[in-house]
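Asks:
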Amino acid sequence: MKFIDLGLDPRILEGIDSMGYENATPVQEQVMVPVLEGKDIIAAAQTGTGKTAAFLLPLLHRLITSPHTAGDINAMVIVPTRELAIQIAESIEGLSYFTDVSSIAVYGGGDGDSFITEKKALSTGVDIVVCTPGRMIAHLNMGYVKLKGLKYLVLDEADRMLDMGFNEDITKIITFLPKERQNLLFSATMPAKMRVLAKKILHEPVEINIAISKAPEQIVQKAFVVFEVQKVAIIKDMLRSNNYSKVVVFCSKKQSVKQLTAELKRAKLAAEEIHSDLDQKSREQYLQDFRNNKVTILVATDILSRGIDIDDIDLVINYDVPNDGEDYIHRIGRTARAATSGTAFTLISEKEQSKFSDIEELLGAPVLKGNVPEEFGPTPNYAPRQKKQGNFKRGR
Ligand code: AMP
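Residue numbers for the sequence shown follow this note's numbering, so the first one is 1 and each next one is one higher.
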């Protein structure tokens, strides 16, 4: 479907053009029509499907073509992480470039100056606010946030917000909003607790379901069955012996991120780390350096696994097996964004075998197991459902 067929305002079509989008993605096709009609929606959609533009484009269209409350906040987009807030604000900037829509990202972790800038925008009015829940509450508690004219509420990555314990914050934010408004809820998964939240927020929503827990086909997946102690050396070897231009290595624990980054730096590899102990400025700087190819390897916790939009990542390495299939798909989905190809490697230790086999079940097929070069010594067998006793072999 062409964007022009949706009747979007020409200023928005210009924005779409400048972003280089030609046709609407399937999520966009399904989401944009009901949103343009003013309906509430609940959409199960993964990142990487074009869902950000799916809600931003009709929102922008409605903002610029219907009565506008100047000096007020017209739309609020609530997201789980600062990185996602910044990224959505950037998308708004691009797509609304030819309109006069104003927007701001409001998130924690910045300095005092950013709080003052946010306060100014929230108290004098801005068309779209993209915010993390905790920071928004901090502003709301001070009493100056102009919300009387708010007409649109978007919850993005809602399952992630519930996982992070933001349920109460979201419920509280909603008590500050006018009752008459259009609500859009996006979530990669739809656990039971999401239904409860949706019931509280949405009014006769249109249900859209495009989330299939499926890894994009253009990603080449490979897993390596190893002993925990072999992981660092194998990763170093993978990074050294291939010419990857942008690599993300995911670790479940901050401590592993820190240790692995230190090891990679010691091996003279251009690596940096992203995790929640790092101040906001450094996180943004490293992401920027990664985008600009100053840093070629980002070692990160799952903080980076959703929604982060860097197009040309050619390799994702799972230093450890993610907790579940959805997390696995989110992590590997950082590569092969928007139809390019990519590779995803997962290192599976003895203890992680059954977790990985659960993921394979969700994927519907086993992931190809790669050979570990002999120089790394014997490796375990892949026997996730058996008791693992001395079942290792050499040089597969
Ligand atoms: P998202 O799922 O919102 O994170 O988007 C994933 C990627 O697809 C981003 O790089 C978007 O800029 C890109 N994208 C979104 N919509 C389109 C489209 N209609 N055509 C091509 N690329 C798109």
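Idealized CB from N, CA, C, for every residue including glycine.
State yes or no: is the C-beta of S282 within less than 8 Å of the C-beta of K254?
Replies: no
Asks: Which residue or residues does DSSP assign as beta-bridge partners of K2?
Replies: N23
Asks: Measuring alpha carbon to alpha carbon, tell me which residue in A215, L184 and I4 is nearest K200.
Replies: L184
Asks: Mapping DSSP to helix, strand and coil, what is A267?
Replies: coil
Asks: Residue ranges of each alpha helix (DSSP H) run of no fewer than 4 residues wholly in the segment 313-341, ordered along the chain?
Replies: Correct list: 325-332.
Asks: Determine the direct distance from the alpha carbon of I64 to that of E352, and round the result to whole angstroms.
Replies: 51 Å
Asks: Can a CB atom of chain D be found closer than 8 Å to the CB of E37?
Replies: No chain D appears in the structure shown, which is made up of a single protein chain.
Asks: Among the candidates E29, A383 and D113, whose CA atom is the shortest distance from the CA of S349?
Replies: Considering only alpha carbons, the answer is A383.
Asks: Helix or strand or just coil, what does DSSP make of N292?
Replies: coil
Asks: Could you give the distance in angstroms between the alpha-carbon of N403 and the alpha-carbon of A192?
Replies: In the structure as shown, the chain begins at 1 and stops at 396. Residue 403 is therefore absent and cannot be evaluated.
Asks: Let me know the secondary structure DSSP gives T343 once reduced to three states.
Replies: strand
Asks: Using 10 angstroms around the beta-carbon of V196, count the other beta-carbons present and answer buried if the total reaches 16, otherwise exposed.
Replies: V196 counts as exposed, since fewer than 16 other beta carbons sit within 10 angstroms of its beta carbon.
Asks: Output yes or no for whether 8 Å exceeds the beta carbon distance between L36 and S91.
Replies: no
Asks: Round the Cβ separation of Y319 and L260 to the nearest angstrom and send it over; I've been treating them as touching at under 8 Å.
Replies: 6 Å
Asks: Where does the unbroken beta strand (DSSP E) through L153 begin, and where does it stop?
Replies: Y152 to L155
Asks: Report buried or exposed for P10, applying the criterion of at least 16 other Cβ atoms within 10 angstroms of its Cβ.
Replies: exposed
Asks: For the ligand AMP, is there a heavy atom less than 7 Å away from the beta-carbon of E22?
Replies: Yes.
Asks: In whole angstroms, give me the CA-to-CA distance for L368 and K222.
Replies: 5 Å
Asks: Within 10 Å of its beta-carbon, does K393 have 16 or more other beta-carbons around it, so buried, or fewer, so exposed?
Replies: Note that K393 scores 44 on pLDDT, short of 50, meaning its location in the model is unreliable; the coordinates nonetheless yield the value given after this. That one is exposed.
Asks: In chain order, what residues of the same chain have a beta carbon less than 8 Å from the beta carbon of C251, not counting five sequence neighbours either side?
Replies: V257, L260, V299, A300, T301, Y319 and D320
Asks: At a cut-off of 7 Å, would you count A267 as near the ligand AMP, judging by its Cβ distance to the nearest heavy atom?
Replies: no
Asks: Could you name the residues of the same chain whose beta carbon sits closer than 8 Å to that of V206, not counting the 5 residues immediately before and after it, in chain order?
Replies: P34, K39, D40, I41 and I42
Asks: With H, G and I counted as helix, E and B as strand and the rest as coil, what does DSSP make of I310?
Replies: Coil.
Asks: What is the rounded straight-line gap between the Cα of F356 and the Cα of K246?
Replies: Roughly 25 Å separates the two Cα atoms.
Asks: Check whether the Cβ atoms of L315 and Y244 sit closer than 8 Å, and answer yes or no.
Replies: yes
Asks: Just to confirm, does G50 get its C-beta within under 7 Å of one of the non-hydrogen atoms of the ligand AMP?
Replies: yes
Asks: Is it buried or exposed for K151, if we count other Cβ within 10 angstroms and need 16 for buried?
Replies: Buried, since its Cβ has 16 or more Cβ neighbours within 10 Å.
Asks: With DSSP as the reference, identify every bridge partner of M76, one or two as the case may be.
Replies: V129 and L153
Asks: Beta-carbon within less than 6 Å of M238's beta-carbon, same chain only, minus the 5 sequence neighbours each way: which residues are those?
Replies: Same-chain partners within the cutoff: there are none.
Asks: Does the beta-carbon distance from G71 to F224 come in below 8 Å?
Replies: no
Asks: Using a Cβ distance threshold of 8 Å, determine whether the segment 262-271 contacts the segment 286-300, with at least three qualifying pairs required.
Replies: yes
Asks: Does K369 come out as helix, strand or coil in the three-state DSSP assignment?
Replies: strand
Asks: Quick one: what does DSSP say T171 is sitting in, helix, strand or coil?
Replies: helix
Asks: Do A121 and the ligand AMP come close, with the Cβ less than 7 Å from some heavy atom?
Replies: no
Asks: Would you mind sorting S341 into buried or exposed? The rule is 16 or more other CB atoms within 10 Å of its CB.
Replies: exposed
Asks: Which residues share a DSSP beta bridge with V229?
Replies: Answer by DSSP bridge pairing: none, since V229 is not bridged.
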